[in-house]
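Asks: In our numbering, the protein residues as written are 1 to 57. Mind looking over this structure? Questions follow.
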Amino acid sequence: MTEYLIITVFLIWYILSLAVSHNIGKKSKLGVEGSFALSFLLSPIIGYLIAKFSLKK
């Protein structure tokens with residue numbers, strides 16, 4: 001049962017990271033790849049904040 005929980009949490013983390021990079025990352029200087037990497041490695045919330053407050057293109 002714990003395997004399903006781990007897979008579910010990973011998929012939610014991945015989808016939220018993709019959403020942050022697609023919606024916010026393309027408007028910031030970090031770009032889509034940079035904001036996805038930050039969101040995936042740190043957390044989607046921290047990645048969102050960093051991408052939101054980074055310099056605009």
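Beta carbons are placed, not taken as given, at the ideal position from N, Cα and C, and that holds for glycine.
1) Can you tell me where the alpha helix (DSSP H) with Ser21 in it begins and where it stops?
2) Between which residues of its own chain and Pro44 is the CB-CB distance below 6 angstroms, once the five residues before and five after are set aside?
3) Could you tell me the alpha carbon to alpha carbon distance between Glu33 and Gly25, rounded to whole angstroms?
4) For Lys29, name the three-state secondary structure that DSSP assigns.
5) Note the first and the last residue of the continuous alpha helix (DSSP H) segment covering Leu58.
Replies: Based on what the coordinates show:
1) Note, Ser21: alpha helix (DSSP H), 2-23.
2) Taken in chain order, the residues that qualify are Leu16, Ser17, Val20.
3) Going by the C-alpha atoms only, they are around 8 angstroms apart.
4) Correct three-state label for Lys29: coil.
5) Here the chain comprises residues numbered 1 to 57, so residue 58 is not present and cannot be evaluated.
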